[in-house]
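I have placed the structure first, in the form of structure tokens, so that the comments after it can refer back to it.
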Amino acid sequence: MIRLSFEKRATEDLKILCRGVEDIISREDLQKKLNHYYQTGQPLIVKEGFDPSAPDIHLGHTVTLRKLRQFQVLGHQVVFLVGDFTGRIGDPTGKKETRKQLTEEEVLVNAKTYSDQAFKILDPEKTIIEFNSKWLKNLSFVDIIEITAHFTVARMLEREDFHQRISNGKPVGLHEFLYPIMQAYDSVSLGADVELGGTDQRFNLLMGRDLQREFGQEPQVVMMMPLLEGTDGVEKMSKSIGNYIAVNDPPFDMFGKIMSIPDSLIKKYFILLTDIPMNTILQWEKDFTNDLLHPRDWKIILAKEIVSIYHGSDRANQALEDFERAFAKKESPEDAQILTLTDDDLKDEKIWVISLLLKTGVSHSKSELRRLVEQGGVYLDNMRIADPNSDIQIKDDQFLRVGKKHFFRIKKK
RNA sequence: GGGGAGGUACCUAAGUGGCCAAAAGGAGCGGACUGUAGAUCCGUUGGCUGAACGCCUUCGAAGGUUCAAAUCCUUCCCUCCCCA
Numbered sequence: 001m002i003r004l005s006f007e008k009r010a011t012e013d014l015k016i017l018c019r020g021v022e023d024i025i026s027r028e029d030l031q032k033k034l035n036h037y038y039q040t041g042q043p044l045i046v047k048e049g050f051d052p053s054a055p056d057i058h059l060g061h062t063v064t065l066r067k068l069r070q071f072q073v074l075g076h077q078v079v080f081l082v083g084d085f086t087g088r089i090g091d092p093t094g095k096k097e098t099r100k101q102l103t104e105e106e107v108l109v110n111a112k113t114y115s116d117q118a119f120k121i122l123d124p125e126k127t128i129i130e131f132n133s134k135w136l137k138n139l140s141f142v143d144i145i146e147i148t149a150h151f152t153v154a155r156m157l158e159r160e161d162f163h164q165r166i167s168n169g170k171p172v173g174l175h176e177f178l179y180p181i182m183q184a185y186d187s188v189s190l191g192a193d194v195e196l197g198g199t200d201q202r203f204n205l206l207m208g209r210d211l212q213r214e215f216g217q218e219p220q221v222v223m224m225m226p227l228l229e230g231t232d233g234v235e236k237m238s239k240s241i242g243n244y245i246a247v248n249d250p251p252f253d254m255f256g257k258i259m260s261i262p263d264s265l266i267k268k269y270f271i272l273l274t275d276i277p278m279n280t281i282l283q284w285e286k287d288f289t290n291d292l293l294h295p296r297d298w299k300i301i302l303a304k305e306i307v308s309i310y311h312g313s314d315r316a317n318q319a320l321e322d323f324e325r326a327f328a329k330k331e332s333p334e335d336a337q338i339l340t341l342t343d344d345d346l347k348d349e350k351i352w353v354i355s356l357l358l359k360t361g362v363s364h365s366k367s368e369l370r371r372l373v374e375q376g377g378v379y380l381d382n383m384r385i386a387d388p389n390s391d392i393q394i395k396d397d398q399f400l401r402v403g404k405k406h407f408f409r410i411k412k413k
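Under the working numbering, residues 1 to 413 are what the first sequence spells out, in order.
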């Protein structure tokens with residue numbers, strides 16, 4: 001009776017864990033490992049590597065983080081692996097220049113801010129933070145030769161990115177081959193049962209399996225999550241492109257950014273970024289297709305849901321209200337960023353538009369701001385300011401809108 | 001080691017002495033229209049100067065020729081391809 005329920009529970013867990021997963025190698029292996037867990041009580045070691053060079057976590061990162069959390073909830077051991085050593089090489093992407101070497105302190109600081117944000121999702125009690133320099137930095141050349149000897153050049157060239165760059169006549173650094181190998185070695189060192197990553201990590205993740213086998217370990221299960229497109233709906237969400245929604249974004253911004261994603265992405269966002277049950281999502285999708293659910297309304301549910309996760313439902317409701325004020329009624333949002341002006345900024349209660357805009361930080365180029373004004377993108381209390389040479393009379397509590405997405409409330413000090 | 005091709009702005013890419021702050025497309029930004037969506041149309045996209053068709057910096061780097069250089073010369077750096 002009890003024995004039977006082991007497998008049943010494992011099967012149920014598997015179903016939960018497979019939500020939103022793009023590919024898993026292999027399902028059977030995971031089933032086996034989960035069975036084993038229920039038989040022995042030995043939690044699975046679930047690992048994901050993080051690059052400490054970019055300290056801002058955005059929704060794209062949360063896709064795998066949320067998956068990690070699912071593992072935690074089911075009783076498993078998550079290893080949050082900071083790639084402080086691998087970060088020095090940088091995952092091959094073709095055009096990136098050599099990364100500047102981070103000092104140990106910088107890495108620690110980054111890792112701290114990074115994990116703090118990650119703990120908005122992960123349970124800190126059930127997370128081990130590791131740094132891969134711990135084992136990588138002590139390897140000798142001999143060790144490295146031994147490890148690399150397990151792989152062939154032909155195998156390395158299977159990686160699409162390498163392959164592509166080579167056929168496009170782009171350079172491939174020899175050291176770049178080491179990145180996947182180091183990542184694989186991480187799995188060996190941790191004895192990982194499962195490694196999570198985006199689909200773009202396929203090659204690296206599989207290398208881990210290969211190397212583990214070579215080292216006499218049971219190969220890890222590889223779980224690949226789909227890449228999340230950013231607010232532009234095309235490119236993978238990333239800070240450098242600027243199409244990202246950060247988990248630290250204030251509620252109003254976060255709400256707005258979610259509202260600006262293309263309709264085609266709504267379902268995917270629900271699946272990967274919320275806990276809304278699958279049948280509900282599918283029902284909404286049906287209603288949407290049959291014109292019973294307006295895409296905007298559907299998106300509002302999404303935005304509220306996601307903002308709630310990171311800021312709580314009160315602030316999510318506030319964000320919704322603000323959103324409607326700002327865009328439906330064209331009024332000022334409650335939650336706009338405060339822009340404080342001091343007496344030094346004002347001459348006879350007046351300030352030059354460009355100076356004012358400069359203070360918002362929207363752009364640091366006066367030429368660009370000038371253009372923005374000339375093109376009619378600047379409003380003060382809903383009055384367009386079209387002349388870049390104008391001096392504006394400032395009253396306390398005025399509402400400044402810069403371009404489509406930036407709102408400020410002016411406070412005098 | 002030998003031979004060939006190449007390095008232009010966020011990206012792709014034109015330009016081989018002045019008309020070049022540099023074509024075109026993509027991407028971005030702003031406007032119109034909307035649902036802060038998509039599609040479409042218009043505008044705009046090095047910086048500075050309270051803006052003038054004025055100044056400064058930019059075509060891999062440094063020098064040089066010239067009244068004038070992305071463009072010609074020299075040296076250097078980097079990448080790719082073919083051969084050994």
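Note that beta-carbon positions come from the ideal geometry of N, C-alpha and C, so glycine has one too.
For residue i, the first and last residue of its enclosing alpha helix (DSSP H)
i	result
V234	No alpha helix (DSSP H) holds V234; DSSP gives it neither H nor E.
K67	L59 to V73
G208	R202 to E214
Q164	E160 to S167
F80	Careful: F80 lies outside any alpha helix (DSSP H), inside the beta strand (DSSP E) at Q77 to V82.
Y179	L178 to L190
Distance between residue j and residue i (C-alpha atoms, nearest Å)
i	j	result
V307	Q212	40 Å
D84	G49	10 Å
I309	D343	40 Å
L196	S264	26 Å
H150	H36	29 Å
G403	I129	41 Å
E229	M254	15 Å
D210	Y179	15 Å
S5	M223	25 Å
R370	I258	29 Å
K350	H311	37 Å
F203	E160	8 Å
D387	S260	29 Å
T103	F252	36 Å
L190	I45	8 Å
Y244	K330	25 Å
Q283	E22	21 Å
K412	L341	5 Å
K134	E235	34 Å
S355	V373	12 Å
Q289	K299	It is worth fixing the name first, because residue 289 is Thr in this sequence and not Gln. The alpha-carbon atoms of T289 and K299 are separated by roughly 14 Å.
K95	G41	Because the pLDDT at K95 is just 39, under 50, the model does not fix this residue reliably, and the point stays unresolved.
D396	I410	6 Å
A192	P250	36 Å
Local conformation of residue i per DSSP, three classes
i	result
R409	strand
D391	strand
G256	helix
K404	coil
K137	coil
H294	coil
M1	Any reading at M1 must be qualified, since the residue scores a pLDDT of 48, below 50, and its modelled position is unreliable; no value is offered.
T11	helix
D249	coil
G94	Low local confidence applies: a pLDDT of 42 at G94 is under 50, so the model's placement there is unreliable, and no value is given.
T152	coil
T340	strand
D396	coil
I144	helix
R315	helix
T274	coil
Residue from the options with nearest C-alpha to residue i
i	options	result
L34	L17, L346, L65 and V373	L17
L266	V247, F252, G256 and R296	In the sequence on display, residue 266 carries Ile and not Leu. The shortest C-alpha separation from I266 is found at R296.
L205	E349, E125 and M156	M156
S53	A386, L108 and K286	L108
I417	I145, I147 and F71	The structure shown has nothing for residue 417, since the chain only spans 1 to 413.
N382	P43, I301, P333 and D275	P333
F177	D396, H163, I301 and L81	H163
I25	V63, P124 and M225	M225
Q415	F407, D391 and V78	Missing from the structure shown is residue 415; the chain here goes from 1 to 413 and no further.
S390	S365, L81, L136 and V353	V353
Integer-rounded CB distance, given that residue j should sit under 8 Å from residue i
i	j	result
E27	I271	Correcting the residue type first, residue 27 is Arg in the shown sequence and not Glu. Contact doesn't hold; Cβ gap of about 18 Å is too wide.
L30	V221	5 Å
G233	P262	4 Å
Y114	I57	7 Å
I276	E321	Rounded, the Cβ-Cβ distance is 22 Å, inconsistent with contact.
Host beta strand (DSSP E) of residue i (start-end)
i	result
F50	I45 to F50
V378	V378 to L380
K239	Note, K239: premise wrong, no beta strand (DSSP E); not H, not E.
V222	V221 to M225
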